């Protein structure tokens, strides 16, 4: 669904979006099931393998996953290596001229500055300076070095979320939704791609833990009500009566009688009878809608709809929300957390070109994997893209109260995890400034949260090889020379920081991640 050539959303298009909810589409199936599960008591969830929030402080914590698709190289950002540090091999490794690697006083982090008239062969200038971001957020930043187990995009993406099946194949998002999602309309919203959009393999989890897939963040809210947005629509009472009649006729039909005891049909009836009304009473069709009311192009008021109370602010912060998918996702992510719709949201760039931005290209082909064509400018462009969106999201979350009695902001209880597929190979032609790279298991992950042990690097980089080495997840002590896979450590570190009860999981102690 898209705008017409004249830029106006037609009544047919609005009805099509709205009919998604009324028809109970496959996309909304897990969503509506989640609404039903959200009504379960903590006792019921515990019997089904869940965790009672009373074991903590009873307050939710939030996870935002940013899928840095294609392989975001940590040595092209926060752990960059200067040529003077790499010895005789500096010219043949992915090192930077000393002047391009900026130090940050009192911090283990570094910041890269890259300027180029072109993005590879694309006539788009690249001007990246990571220093302002690092200075601003260093106290809530943690980098954990890593060694993965796959250089296949989809497999590696999924393993960055499951710790390589560290806990019965559950994703981080599913674990957070299990811990905090009861009572939230749509606990787990996933706008990622590839392996970032896949669900885990633990089918014993309640249905509300699994991600609700959203492909268009700007238009998706229009499908969250079965009758609003239609002209001359009957009253809610009449709609409810029509639904009751429909349900009664379905139950008496041959199909309904034949499969009356089928689990799938029972679940479907719960979705229609309990889940859908539970969504509609939240008025999410308006509260999550970033689109402005601009007749005749976007005639919301003609259909009894309105923009979110936060719409104007979000359009100012993310001006390309409609054409740049990542900006649109970030705007929706903020609303989902603010209005307590979700406890975890996944977003991130795709491999597709997105037009827009200051220079006409918002997203290059292949995202971070553009490094195959030109590593240096591809990494610089994409790191600026990811950090720019993260920076604006943090500003919004910091300004949003979570609990006025304690003075906590929404940011105080949120963790942003920049998940990535893998790292990039280190060799280059001697002194080359334009070079391509392949996939490499060796890398690191960026996390941001006031709950993390901020201004911290777990692990380190050997400047003579530019390869990262590991750390003890319990103590945080660096372990030079350790290059074995530590995917479960990263997985456990995120969950431990978020206060998820991991007892009985067999996960390693990851106390080193948490602010003390």
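In my numbering, the protein residues as written are 27 to 542.
Cβ atoms here follow ideal geometry from the backbone N, Cα and C, with glycine treated the same way.
The structure presented is a predicted model; accordingly, all values stated were derived computationally and were not measured.
Cα-Cα separation between residue i and residue j, rounded to whole angstroms
{"i": "residue 146", "j": "residue 394", "result": "12 Å"}
{"i": "residue 204", "j": "residue 360", "result": "20 Å"}
{"i": "residue 181", "j": "residue 256", "result": "43 Å"}
{"i": "residue 388", "j": "residue 150", "result": "10 Å"}
{"i": "residue 520", "j": "residue 273", "result": "44 Å"}
{"i": "residue 411", "j": "residue 474", "result": "16 Å"}
{"i": "residue 390", "j": "residue 396", "result": "7 Å"}
{"i": "residue 489", "j": "residue 93", "result": "27 Å"}
{"i": "residue 507", "j": "residue 414", "result": "33 Å"}
{"i": "residue 228", "j": "residue 527", "result": "17 Å"}
{"i": "residue 370", "j": "residue 200", "result": "8 Å"}
{"i": "residue 335", "j": "residue 344", "result": "15 Å"}
{"i": "residue 328", "j": "residue 308", "result": "21 Å"}
{"i": "residue 260", "j": "residue 291", "result": "28 Å"}
{"i": "residue 312", "j": "residue 245", "result": "11 Å"}
{"i": "residue 71", "j": "residue 202", "result": "Residue confidence is low: residue 71 scores 38 on pLDDT, short of 50, so the model does not pin down where it sits. No coordinate-derived value is stated."}
{"i": "residue 318", "j": "residue 285", "result": "45 Å"}
{"i": "residue 353", "j": "residue 258", "result": "34 Å"}
{"i": "residue 135", "j": "residue 522", "result": "23 Å"}
{"i": "residue 425", "j": "residue 363", "result": "13 Å"}
Residues near residue i in its chain [Cβ-Cβ closer than 7 Å; skip 5 each side]
{"i": "residue 501", "result": "538"}
Element boundaries [beta strand (DSSP E), containing residue i]
{"i": "residue 387", "result": "387-389"}
{"i": "residue 308", "result": "Element bounds for residue 308: n/a, residue is neither H nor E."}
{"i": "residue 155", "result": "152-155"}
{"i": "residue 427", "result": "427-429"}
{"i": "residue 173", "result": "167-173"}
{"i": "residue 371", "result": "370-373"}
Own chain partners of residue i with C-beta closer than 6 Å, once the 5 adjacent residues on each side are dropped
{"i": "residue 481", "result": "133, 164, 165"}
{"i": "residue 79", "result": "Residue placement at residue 79 is poorly supported in this model, since its pLDDT is 37, which falls under 50; the coordinates still yield a value, given next. Here the set comprises nothing."}
{"i": "residue 76", "result": "Confidence at residue 76 is low in this model, with a pLDDT of 37, below 50, so its placement is unreliable and no value can be given for it."}
{"i": "residue 198", "result": "187, 520"}
{"i": "residue 51", "result": "Bear in mind that the predicted position of residue 51 carries a pLDDT of just 36, short of 50, making it unreliable; the figure below should be weighed with that in mind. The answer is none, since no qualifying residue turns up."}
{"i": "residue 171", "result": "470, 485, 494"}
Backbone secondary structure at residue i - three-state DSSP
{"i": "residue 146", "result": "coil"}
{"i": "residue 535", "result": "coil"}
{"i": "residue 136", "result": "strand"}
{"i": "residue 545", "result": "Since the displayed the chain opens at 27 and closes at 542, residue 545 lies outside it and no answer follows."}
{"i": "residue 435", "result": "strand"}
{"i": "residue 524", "result": "coil"}
{"i": "residue 488", "result": "strand"}
{"i": "residue 446", "result": "strand"}
{"i": "residue 178", "result": "coil"}
{"i": "residue 238", "result": "strand"}
{"i": "residue 380", "result": "strand"}
{"i": "residue 188", "result": "helix"}
{"i": "residue 108", "result": "strand"}
{"i": "residue 265", "result": "helix"}
{"i": "residue 212", "result": "coil"}
{"i": "residue 160", "result": "helix"}
{"i": "residue 322", "result": "coil"}
{"i": "residue 461", "result": "coil"}
N-terminal and C-terminal residue of the alpha helix (DSSP H) that residue i is part of
{"i": "residue 295", "result": "289-296"}
{"i": "residue 414", "result": "401-424"}
{"i": "residue 202", "result": "198-206"}
{"i": "residue 474", "result": "Element bounds for residue 474: not the alpha helix (DSSP H) but the beta strand (DSSP E), 468-474."}
{"i": "residue 363", "result": "351-364"}
{"i": "residue 497", "result": "That residue, residue 497, is in no alpha helix (DSSP H); its beta strand (DSSP E) goes 493-497."}
Cβ shell of residue i (< 8 Å), same chain only, five flanking positions each side left out
{"i": "residue 59", "result": "Note that residue 59 has pLDDT 40, beneath the 50 cutoff, so the model's placement of it is unreliable and the number below is only indicative. For residue 59, where only same-chain residues beyond five positions count, the Cβ hits under 8 Å are 233, 234, 293, 296, 297, 301."}
{"i": "residue 154", "result": "138, 139, 140, 141, 406, 407, 409, 410"}
CB-CB length for residue i against residue j, believed under 8 Å
{"i": "residue 380", "j": "residue 350", "result": "6 Å"}
{"i": "residue 216", "j": "residue 223", "result": "5 Å"}
{"i": "residue 493", "j": "residue 512", "result": "Their Cβ separation, rounded to whole angstroms, is 14 Å, which puts residue 493 and residue 512 out of contact at 8 Å."}
{"i": "residue 438", "j": "residue 476", "result": "5 Å"}
{"i": "residue 466", "j": "residue 449", "result": "4 Å"}
{"i": "residue 120", "j": "residue 101", "result": "6 Å"}
{"i": "residue 533", "j": "residue 193", "result": "6 Å"}
{"i": "residue 402", "j": "residue 459", "result": "7 Å"}
{"i": "residue 443", "j": "residue 91", "result": "5 Å"}
{"i": "residue 243", "j": "residue 358", "result": "4 Å"}
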